[in-house]
Amino acid sequence: MAGNIPPGLLEACVVLGVSNERLKDIHLTQLQGKGKESLVEAEVLQVHAPPFVTKESSSNGTQQDLDAAFCRGQRRRSFKKKRDRLLSTISDSGQTNEPVVAGSDDLSVPQNIDLIALLQLCFPDGLRITNESREDSYHFLVFTDVFGNQTHGVVAQYCKPVHYQQDNGIHQNSQQLKKLQRLYTTYSICVISKYPYYNALRDCLSSFLLQLKTSRMCDFEEQVKEFSAKLALVPIPPPGPLNVVFNLRPFQIELPSRLDVDRPVMDLDLHLPFLCFKPEQILQIISSILMEQRVVFLSTNWAKLTLVSECFMVFIHPLRWQHPFVPVLSHQMLDFIMAPTAFVMGCHTSHFEEVAEELDDLVLIDIDQRTVLSSTSNRFDLPDVPLTARECFIFRAKGLQLHYDLDVCHAASHTDINGLRAHRRQWQCKVNSVILNVCMELIVNIFSEVCDFLNYGHRVFNSEEFLRSREMTDHTFYKKVLDTHIFHSFLRDRLNQKNDAFTRMQLNIRSESRRMKTLTVSPRRPTMEAINRKYVQPENGLNRRLGMSMPNLADHRLLTVPIRQTSMGTMTFQSGSWSPSRPIKTFKLPEFPPPLFYQYVQNYYNDLIRDLSKAISGASPDDSALLARYYYLRGLVNSVAGKRLDALTDFQSLYKTDMDIFPAEMLNALVESLPAEERRTAERRPDLKRLISRVKRESDRERARPVDGGSVKRFKLPKKHLHMEDFVRRVQESGIVRDQGTIQRLFEALTVGKQKQVDPETFCFFYNFWKESEVAAQDVDLPVVVLEHLETDECVYKLSSSVKTSHGVGKIAMTQRRLFLLTEGRPGYVEITKFRDIEDVKISSAPFLLLRIPTLKIKTSHRKETFEANLKSECDVWHLMIREMWAGRKMADNHKDPQFMEQALTNVLLMDAVVGSLQSQKAIFAATKLAYFDKKKHEVPTTVPETTSETLKHKINPSLDQTAPQAVDILLYTPGQLGVSELDGGGNPKLWCALSDGKVLVFDAASWTMQHNSVQVGKSGLNCMLAVNQQQLWIGSKDSFIYIINSWSVSCNKQLMEHRGEVTGLALEERTDKFSQTMAYSCSKDSSVVVWDVSTLQVKRQFKVSCDRLQSIQIHNGMLWCCGGDCLLEVRRNGTVHRKVSLPNHLLSSPRGFSSFLLFNESQQLWAGFADAGELCVWHCRDLNKPFIRIQLKDCTAVVCMIRVKNQIWVGCHGRSPEGKTRGKIYVLNKDRYTVEKELMAHEDSVQTLCSAEDRYVLSGAARADGKIGIWKVE
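The numbering of the sequence shown is the working numbering, which starts it at 864 and goes up by one.
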């Protein structure tokens, strides 16, 4: 188990300097007058590493190691003193022999620490014996193993006087100064930690040096060991809003937690690079790192090298440097710079010339002189970051407030040193937060649109298309970056849909129009808004070409969205899963015990556990994030104190408070280490048994995952013939089309008259023609007079050659809404028609001399005369395209579904590419294979029943990013929250949509645009959803868990695991008064019911009801009503049955029985639907023995769901059309007259779910064959 317990603050403490024996030799040299100052070779004098205490077993005399001091079990090496070893000194010339490792006892050292290198790094400019004292100095180290794991070191160098008598005896701090010759030697104390707590460890060493300087030399080793043991007792706080504080007099030292799970520890002053360099130079350094150059930092101050270079590692987050990182090189290590790979290293400024002469392609960064140069010239030769990101970053950087003294010049002086330090920390935390956001915005501006060129299903990045969408001036930068390891790792995280700070900021700064673009699936073309930017400078000054993945084709008449303008000066940020403005809490550790005695250490653990328990009981149940951190720390302390079962209980509490910090690896190791007796005890406790089982499953699943997080492929054209399956995959990888049905029709078009396979040449011709069409559309230069007639979101998708028409000579242009003529000579705009106004399209021939020229004729409803165009050879393809767009427009208008128009446009562009790439007599016939809507118009009527058309407002497709539709299993509407900012989850109302693959999507219910990326909720389908309060959304899953989504941050980080079967229903009990607790009820298919306290997530009671397949529950007049497959039950709070409604006699043979039910207070009615019958039954609640009322639903075979809206009941059903096809129908009934008022043809598959939006709209979700959401008006 010890191997996976997170280490405490200390990994090891190493003391380096000169041994007493060698000091005697040096004294003799000094007496002989051989120089005032000697350069000597350092030795390892002491090594201290956990564990520091052990538990003695008096019964058998054996010794058992305790997992004391938060440490990891690891292999260690022993270095024994070799008295016969020659202790050499260093000559005046500075030449050294091999370093010496000395000590009086065995030195037990962690396996990953190289003592030989440590000697050089702790004294990077050598160790000197001098006649004058030197001030204490600190510098910082980074060690990286072969797997890329980093260890960090803080080195304190302090000077100690050494006195010699005539007999060469050595006295420290002697009072007999007259008879002594005083020399000074330097010792280094290096504290090594797994975490980069540079400031905290420097404070620890500063506190220790105060004590050390007044102590006797004979106590030196014991004091260092005691200091090390104290640091080993300090636990590392988990990510989130809780820091750990402890006392090392005279300081109170604070360990900051990580801001987020995916971020490193931040104990740096991030403003240091901004004090050393101009914003333009900072961008040059970041550019060098992103392009994986060989970077060398130089300074005369060793501390600056590590601190500044570490800041740049933070600035590029979430990209991670994956090459050698050695911020401090001693003069013996300069040959490291000859390494053939990329690296970031640092050395003393005195080596500048030597380094610059060795290699030609180094980036040399002089921190002291504030220069960024290339080793081949006196300037920076690498490409800058893209202009858009560059301008934004410089604007932000110039507004940073970086001077502490200026910020506090108005404040009173602090009389307490710890108060002063705390105030400085708070200031630094605010500055760091702003700098992190500025740098994250830079990375988002550089790489945000990478996600538009990813195919998540096939894990492909289309780098060529991404480059084509960039400005030409930025190509050099992106070409270099796209081939780096650092970018490859970033791509892998994006394809794994990692929800990190990059993803969150990307969503926060995305405009409403940008969000709408993500809901469309049409080919890339510049909108009129983008073209207008050629003439009008946008507000924020960031002018760049838009190469978006699909334009917005939503009907502007149906969907109107206000575009939110964001100024760079007023833009707000949200950098984490918790609000950055939220105050950070601190937890103070007990005073350290004598750390080298087992009993005292155990008492310390007990005190720590007691204090954490007190903090847990005093924390508010609503502050689950803080509670989770307390549980984590207590679980960690329990595990190292040997209280394993208590530790398991604490870690299990994280499921109800914050799963994001769940330590899966540590818990798996903890379970594996359980002794047999404790294992049996855990198995007897149901909660721990479930935890152990789940930990094992997750461990097995984790081992099955790819070690590297999954592959990332670059799109390449095929080199062999493609059958249907391969063709579908290749087209999806290319990003042209995602829909399988469309790709299959494209396959048929490209294989007309051939074997059913596409050869590489045909695919290449088709792909290149498609991309050339995109480029041509990007270069369309429309005059301003034309732009005035078009909508801002319109795009020109097709432009004919110059032809003669009935409106003059010009080029016919096609957008997603209309056809217009771009007249020649004096540029002008003549509208031909909107697609919805077309009445007929046909081809005729016009005589010209002895020839007959094909002519396209378009008849419209707004003009008497017919438009004619002599399109010659283009006539056939334009005829096909216009008919398809006309049919798609009619379907979209009739069904209130803009996706039909989007699909028609995709079909049209594919037709054009097929004709252009085949260049044969069969090309037009092949293109007809893609005329989907034109054929469908003739096969089935496109008209929608009048009642359906009048009631239907709009349809949206939540599966647009999928290769095939997903069933909409649950819909839930939550109202907007006044007084709560949009970033905090307030603002507009939301529509929550659960798909069949376990994803939850969030739509802005004011504009019906997608608001967030999908949230993956478990691995199974979802059954029910309930908003228990403004911040919590509960979702019942088929995997027996209840997942809790934070509706403000839209993140799922809590689970309830008490159920054994799939969770089928959720209900909320109304509070009787403002002081009562809110209770929620959940039920599962195995007929169990659990009652929850919403604030604490604790189980209040649970019971089973006697029914088959419990499907849903409702609370009515203080009683719980349960819907089972065989009956409806009215149950008291204690679980006893009050009343029962059995299946009607005529439905006793129904295999599935009841499907849904509704209760009405005012009319005391009970309505029920059935899974195998197209009817409803109504009982009177006052007397269930009275005859029930039957209501037949025409053409319905099963009732799926029911909701009440005003005085109506809306019933979602599974039905059949006269042709025998599945249909999803909605019946609207009057609850008083028991009659069907409306029969709505809702979907092409059964209606799965219904929800009401404040009784103004009803939203319906369909099964997989349809997969859409219908929005219906309520009368």
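C-beta atoms are modelled at their ideal positions from N, C-alpha and C, and glycine is treated no differently.
Predicted model only: the values in this text are computed from it and were never measured.
Take the alpha-carbon of Arg-1566 and the one of Lys-1917: they are about 24 Å apart.
Counting only runs of at least 3 residues, the region 1992–2075 fully encloses the following beta strand (DSSP E) elements, listed from N- to C-terminal order: 2000–2005, 2017–2023, 2028–2033, 2036–2043, 2052–2055 and 2059–2068. For Thr-1814, the CB contacts under 7 Å within the same chain, skipping 5 residues up- and downstream, are Lys-2101, Leu-2103, Trp-2135 and Lys-2136 in chain order.
The residues Arg-1593, Pro-1623 and Phe-1626, in chain order, have a CB closer than 7 Å to that of Pro-1581 in the same chain once the five nearest residues on each side in sequence are set aside.
Residue pairing for Val-1189: DSSP places it in a beta bridge opposite Met-1208.
With fewer than 16 other Cβ atoms from the protein chains shown falling within 10 Å of its own Cβ, Asp-1642 counts as exposed. Here the alpha carbon of Pro-1549 sits roughly 29 Å from the alpha carbon of Ile-1978. Distance from the CA atom of Thr-2085 to the CA atom of Asp-2058, rounded to whole angstroms, is 10 Å. By the 16-neighbour rule on beta-carbons within 10 angstroms, Val-916 is buried. The Cβ neighbour count for Thr-2098, taken over all protein chains shown within 10 Å, is under 16; the residue is labelled exposed. Considering only Asp-1279, Ile-1280 and Leu-1135, the residue with the shortest C-alpha distance to Tyr-1267 is Leu-1135. Per DSSP, reduced to three states, the secondary structure at Ile-1372 is coil, with no helix or strand assignment. Around the CB of Phe-1010, fewer than 16 other CB atoms lie within 10 Å, so the residue is classed as exposed. Taking the C-beta atoms as reference points, Leu-2113 is found nearer than 9 Å to Gly-2075. Apart from sequence neighbours up to five positions away, the residues of its chain that approach Thr-1811 with a beta-carbon distance below 7 Å are Leu-2103 and Met-2104, ordered along the chain.
Assignment of Lys-1057 by DSSP, reduced to helix, strand and coil, places it in the coil class.
Non-local C-beta neighbours of Ala-1890 in its own chain, meaning closer than 6 Å and more than five positions away in sequence, comprise Thr-1837 and Leu-1896, ordered along the chain. The continuous beta strand (DSSP E) containing Phe-1966 extends over residues 1961–1967. Below 8 Å, enough C-beta pairs join the region 1774–1792 and the region 1743–1760 to call them touching: three or more. In this structure, the beta-carbon distance from Cys-1986 to Gly-1924 does not fall below 9 Å. Under a 10 Å Cβ-count criterion, Leu-1551 is classified as buried, with 16 or more other Cβ atoms of the shown protein chains found around its own Cβ. When only Cα atoms are considered, Ile-1833 and Gly-2130 end up about 12 Å apart. Setting aside the 5 residues that flank it on each side, Ala-1612 is surrounded in the same chain by Val-1777, Ala-1789, Ala-1790, Lys-1792 and Leu-1793, each with a C-beta closer than 7 Å to its C-beta; the list follows chain order.
Taking 9 Å as the cut-off, the beta carbon of Leu-1222 is found closer than this to the beta carbon of Ile-1200. Between Asn-2093 and the set Phe-2023, Pro-1249, Gly-2133 and Pro-1102, the nearest pair of CA atoms involves Phe-2023. For Val-1464, the three-state secondary structure derived from DSSP is helix. Look at the beta carbons and you see the region 1172–1187 not touching the region 1265–1282: under three pairs across the two are nearer than 8 Å. For Thr-1941, the three-state secondary structure derived from DSSP is coil. Here the alpha carbons of Ala-2031 and Leu-1533 stand approximately 50 Å from one another.
Scanning the region 1801–1828 for uninterrupted alpha helix (DSSP H) segments of 4 residues or longer gives 1809–1814, listed from N- to C-terminal end. Residue environment: Asp-1363 is assigned as buried (16 or more neighbouring CB atoms within 10 Å of its CB, all protein chains considered). Inter-residue distance for Gln-2071 and Leu-1885 is about 27 Å (C-alpha atoms, whole angstroms). Under the 8 Å Cβ criterion, the region 2024–2043 counts as touching the region 1999–2016, having at least three qualifying pairs.
Note that the region 977–997 touches the region 1009–1024; at least 3 beta-carbon pairs, one per stretch, sit closer than 8 Å. Nearest to Ser-2123 by alpha-carbon distance, out of Leu-1781, Leu-1305, Gly-1839 and Ala-1830, is Ala-1830. Taken atom to atom, the span from the alpha-carbon of Arg-1996 to that of Arg-1972 is near 20 Å.
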